[in-house]
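Peer 1: Each number in my numbering corresponds to the 1-based position in the sequence shown with 2 added. For glycine and all other residues, C-beta sits at the position ideal for the given N, C-alpha and C.
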Amino acid sequence: MPTRVKATLIENIAFKVNVKDFPEFIMDEPKSFHGNDMGPSAGEFLLVSIAGCQGVSFMFALQKFGIEVEEMVVNVESKMTHIFREKYEREILNIVKINVVIDVKLKDPEDEEDLLECFEVYRKYCVVTTSVEHGIPYSVELNHLK
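This is the structure in C-alpha cells:
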C-alpha cells in the first residue's frame, strides 16, 4: 500500500507540501541553512513523524492493555553533526542520534506495573521508528521536464 506526498517549490528552497486531502503546509529550512524559515525543516518533520508514530503506537498498546491515560506528551530531540561520507567524498551534515521521551500520567496509579510491561511491548508496532532504525532503502529518480 503506497503512501504518497507531493512537495512543490514555492520560493528559494521552501516547498508547499500536500498529503491526501489534508491542508497543505510549508516546509523550509532555517536561514542558517539558506532557507527563509517559513516552516519546519525536513529534519524536524522526521522528528514529527517519529513523535506521532510513537504516540499513536503507545496509545494503541495502552488501550489494548486497558490502561487509561490522563496525559501523554512525546518529546523527540535529535543531534546533528558532520560525518565524512565516502560516497560524497566529503563531510555531510547528518542526524546521528534521536532521543524519544514519553511523559505519561495514568488515570489510575495502580496501572504502573502494566504500563511498564506495555512499554516493553509497543515499540515494534511503530512503523516509522522501526523503519528508521533498520535503514530505509530508497531511490531518487530525475525527470527532466522540457
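1) Which residues bound the beta strand (DSSP E) around S80?
2) So, with DSSP's three-state summary, where would you put D105?
3) Give the C-beta separation of I208 and V78 to the nearest angstrom, bearing in mind that I take them to be a contact with Cβ-Cβ under 8 Å.
4) Under 8 Å: do the region 61-76 and the region 26-41 share three or more Cβ pairs, one atom per stretch?
5) Within 10 angstroms of the Cβ of Y124, are there 16 or more other Cβ atoms? Answer buried if so, exposed if not.
6) Could you spell out the range, first to last residue, of the beta strand (DSSP E) harbouring T10?
7) Take L108 and list the residues in its own chain whose beta-carbon comes closer than 8 Å to its own, dropping the five residues that flank it on each side.
8) Within 10 Å of its beta-carbon, does A141 have 16 or more other beta-carbons around it, so buried, or fewer, so exposed?
9) Could you compute how far the alpha carbon of S34 sits from the alpha carbon of I94?
10) Taking the Cβ atom as the reference point for each residue, do G57 and S80 lie within a distance shorter than 8 Å?
Peer 2: According to the structure data:
1) V71 to R87
2) strand
3) A question about residue 208 goes unanswered here, because the residues of the chain that appear run from 3 up to 148.
4) no
5) buried
6) V7 to E13
7) I69, E70, V71, E72, E114 and L117
8) For the sequence presented, residue 141 should be read as Ser rather than Ala. Flag for S141 reads exposed.
9) 15 Å
10) no
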